[in-house]
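Residue numbers (the working numbering): 38 to 470.
Below is one structure; the comments refer to it alone.
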Ligand code: URA
């Protein structure tokens, strides 16, 4: 099969056949096609999309492009969670240990940062020694030992998605519904869990900017999951402002730890309980309200924090960083952003805030870029907060002072003020099951 003619066909708006899609997925997995051709095809898909059949074929081909995780060695019901991506979204670091403490095995495959959004794997790698690249046997052993393991797409799991994900990150082809649905669901199908909760983010910091498109994406993914025999539900949650106050890799681990200690910000704590409860409900642990109480109790008694530390140790990381987050190295430079006017924060261009974070070194501009684990932003004021001129709005952190001028300018552009307080947006917008 000829890759160039596949690019041309999609460029001209035609649907690809199952064989062509399989050829694309397997060429990506086996690296038998150059990045420039894959990137061209991704851009053609971005403009001309994939229909329902093409999306299903791509999901299936990517799931089969490597090994399917064999989790039969794990006793009991296995759960998984996945977010479509947001800014300050460190929910996995909280939800996974909470759920594991309730007796549902969390065999979780996570991703790296994508576009303006962060990724759990990059966050966990800010803990010295932490290994996200695990062979299936090691992964299964860790889940059996502590009930929880969070790994990256290592070895041979979904290599086609791994390749496309890396290219989408740096070719502005992330925010496309069929590409997101197939990327997430291929990993969920290859990952082998029985129950899956999806967190479909919606708003200025999400790939889906409005509730209708978020719902369409949620329905698409739930349908794919159900078709594959999974117990699956999607929560559509607000991402019109960053989640929590800390954005950046080690900064987000710190905020996740605080949340597991019961000291987390209200929005983050609430979303984590909702996601954990839905996953527990899918796993048969009780009704939604009952599962919320159960999830909260695992934070209140400290067991979820201990579970995260146990997982960190088993994955080669230094668990002292979980018990004492002061150990995380601080960024060399910081820049305080001071309010130049008084008023309410009316809105935040959350994608803009995420892009500032990437520009500071917390994400990648090119595929080869390395991550600066301590780069990021601590927010002092978010949408709805009142600000006096001279108040601290946010602090930017990075290792290269020269990055601050542009970052401060972009941050200021991302925040708008008003004399009147805007209405509070609900965190949970809808549940699709
Ligand atoms: N998360 C993924 O794994 N893939 C996407 O495309 C978006 C979010």
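Quick reminder that beta carbons are idealized off the backbone N, C-alpha and C, glycines included.
This structure is a prediction, so every number in the text was calculated from the model and none was measured.
Annotation for residue 277: no alpha helix (DSSP H) segment contains it, and DSSP assigns it neither H nor E.
Our two residues, residue 40 and residue 366, have alpha carbons roughly 46 Å apart in a direct line. By the CB criterion at 8 Å, residue 296 and residue 131 fall inside the cutoff. Burial is judged here by how many other beta carbons sit within 10 angstroms of a residue's own beta carbon; residue 109 has fewer than 16 and is exposed.
The C-beta distance from residue 411 to residue 443 rounds to 19 Å, too long to meet the 8 Å contact threshold. If you look at residue 453, you'll find it in the beta strand (DSSP E) that goes 452 to 455. By the Cβ test, the region 270 to 281 is in contact with the region 295 to 315, since at least three Cβ pairs between them sit closer than 8 Å.
Ranked by how close their Cα comes to the Cα of residue 127, the residues 467, 421, 462, 282 have 282 in first place. Looking at the DSSP output, residue 144 sits in a beta bridge with 186. Annotation: the region 100 to 146 contains the following complete segments of the alpha helix (DSSP H) (minimum length 4 residues), in chain order: 129 to 138. Across the structure, residue 400 and residue 310 are spaced so that their CA atoms are roughly 27 Å apart. For residue 251, same chain residues with a beta-carbon under 6 Å away, outside a window of 5 residues either side, are 237, 239, 245, 273 in chain order. The beta carbons of residue 322 and residue 139 sit about 6 Å from each other, so the pair counts as a contact at 8 Å. Taken from the Cβ of residue 229, every heavy atom of ligand 1 lies 7 Å or farther away.
Residue 169 places its beta carbon less than 8 Å from that of residue 162. A straight-line Cα-Cα distance of about 21 Å links residue 203 and residue 91. With a cutoff of 8 Å on beta-carbon distance, residue 65 and residue 226 are scored as not near each other. Taking residue 373 as reference, the option from 258, 434, 447 with the minimal CA-CA separation is 434. Separation of residue 98 and residue 355 (C-alpha to C-alpha, rounded to the nearest whole angstrom) is 37 Å. Residue state for residue 169 is assigned as coil, using DSSP reduced to three classes.
Note: residue 268 is bridge-paired with 232 in the DSSP secondary-structure output. Taking a contact to require three or more Cβ pairs closer than 8 Å, the region 340 to 353 and the region 145 to 160 do not qualify as touching. The beta carbons of residue 88 and residue 47 sit no closer together than 8 Å. Between ligand 1 and the CB of residue 211, the shortest heavy atom gap is smaller than 7 Å. Contact between residue 312 and residue 118 holds, with the beta-carbon distance rounding to 6 Å and staying under 8 Å.
Distance from the CA atom of residue 125 to the CA atom of residue 464, rounded to whole angstroms, is 14 Å.
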